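Quick note on the numbering used here: the sequence shown kicks off at 1203 and runs consecutively.
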Amino acid sequence: MNSVINRRHFLLWAAAMLAAPAAMAQDQTDSITSIAPRAAMQGKLATRTEIVSHRGEPAMVTLSSRQAMQGAIDYYREIVANGGWPSVPRGKLEPKVRAARVVALRQRMAAEGYLDPATLDGPDADLFDARMASAVRAFQRNHGIATTGIIGDRTRFELNITARARLHTLEVNLPRVAEYLTGLGPRNILVNIPSAQLESVEFGRVFARHNVVVGKLDRPTPTLKSKVTTVNFNPYWTAPASIVEKDIVPKYLKDPTYLRQMNIRIFDGLGGPEIDPATVDWMNTAPDRYVFRQEPGEHNALATVKINFHNKYSVYMHDTPHRELFGANARYESSGCVRVDQVKTLVNWIIGDDGGYDEASFDMITASQEPYELPVKSAPDVRFMYLTAWVTDDGRVNFRPDIYQLDNTGFVLGQPAPAETEPPPPPAH
């Protein structure tokens, strides 16, 4: 490698090493969770962590600058031009191991800038030492993997994705970053679909990160730009025709008590009279013929709250009675809307002290189980994003799986087509 590349490798290595201790600490506080596809669930993955408000040093916002992305693209182009990086062979790789395959790992980590190239030579080049463990943890954090410092199947799979493929991923995400930044105000809600996470951001600082559940492969969440309008407490849930057809009617036909159990009522149009479901030939009735409305309560699909914003896809953010889903690694279980963990924190941040609302108001309003709509005055912007690669302002380059298989389609904004198949799993070794 020429001196320019060596210098740039050293700078990235230095940044990664400085970031590693902070990364290790933040693993306990930032809700950083692996989001590999379900088919790729091999090896030890990150587990659920709780949301934390950041009141000290600012956490790095996912949506940084276009210039940061371009800088990473230029950097990876040079890596590719210089031959990329070697693959990491099979075999146990953890601290204190001394083996020839550690040399290959060291070369791989140095090639991307996670290790100082000066460590490639010397008597301990084949030793998995403390510096190597720190570099591996930094790599794992930047790929949404549990920061164990050990090379398992999942980490090896990510390490063995080629430099050319990583460069392509950065390049296809550049126009997405530019589009999502356009018109973005100082207070905003950023939902990144591939990482299944939400950030509430004010003036460039992450106030809180939340695990979220996003759309299934066959019911993908759209990307969009909007602004919060209202918050509905104890909301009614009007089921979309797709859910009526695929979920509700089939369950009712199997169990005639299902609608009563779930507190779902059927109306002949919005504001129309209620009908008896037993009087309808559901096998020959269009799913959008009637309005299916679920009443507020413990079974309500939206649980305590719904966050509204104008969009043409009829999606929104909401609570859920199935909060166990937030502990999963692959959180692709919704029909397109976004379910938010610790939603009370998000709602309180959105509303602030508008109209005398305070942190105690949430519990008081939801306990009543009466529907209540509150307009939002200081409304934050909303971005539903599809970023499989991004660069934070501290220089970390992050990658996530292309869960909806959009990186080769030119996709930027809108409603993705359903994914035909799940992405292939990592090699089972």
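A virtual CB, placed ideally from N, CA and C, is assigned to each residue, including glycine. Here the structure is a predicted model, which is why all the values come from computation and not from measurement.
Query                                                                                                                                                                : Result
Taking a contact to mean a Cβ-Cβ separation below 7 Å, would you say V1593 touches A1274 in this structure?                                                          : yes
By DSSP, does R1310 sit in helix, in strand, or in coil?                                                                                                             : helix
Using a 10 Å radius around the Cβ and a threshold of 16 neighbouring Cβ atoms, would you call A1630 buried or exposed?                                               : Low per-residue confidence applies at A1630: pLDDT is 37, beneath 50, and the placement is therefore not dependable, though the value from the model is reported in the following sentence. Exposed, since its Cβ has fewer than 16 Cβ neighbours within 10 Å.
What does DSSP give as the partner residue(s) for D1587 in the beta ladder?                                                                                          : One detail in the question is off: residue 1587 reads as Met in this sequence, not Asp. Answer is N1394, bridged to M1587.
Can you grab the Cα-Cα spacing for the pair V1599 / L1589, in whole Å?                                                                                               : 12 Å
Using the C-alpha atoms, what's the distance from V1482 back to G1471?                                                                                               : 15 Å
Can the beta-carbon of N1531 be found closer than 7 Å to that of H1501?                                                                                              : no
Among the residues of its own chain, which have a CB less than 6 Å from the CB of K1546, if the five just before and after it don't count?                           : F1564
What separation, rounded to the nearest whole angstrom, lies between the Cα atoms of D1276 and E1561?                                                                : 46 Å
Should D1420 be labelled buried (16 or more other beta-carbon atoms within 10 Å of its own) or exposed?                                                              : exposed
Alpha carbons only, please: which of P1452, N1413, G1554 and K1453 is nearest the one belonging to V1540?                                                            : N1413
Can you tell me whether DSSP reads W1439 as helix, strand or coil?                                                                                                   : strand
Helix, strand or coil: how does DSSP classify T1487 here?                                                                                                            : coil
Between the segment 1612-1619 and the segment 1341-1360, do three or more beta carbon pairs fall short of 8 Å?                                                       : no
Please return the same chain residues whose Cβ sits closer than 6 Å to the Cβ of M1271, not counting the five positions on each side in sequence.                    : L1376, V1379 and V1593
For G1554, does the three-state DSSP call read helix, strand or coil?                                                                                                : coil
Return the CA-CA distance between A1443 and V1290, expressed in angstroms with no decimal places.                                                                    : 49 Å
Return the chain-ordered list of same chain residues with a C-beta closer than 6 Å to the C-beta of V1446, the five sequence neighbours on each side being excluded. : P1489 and F1494
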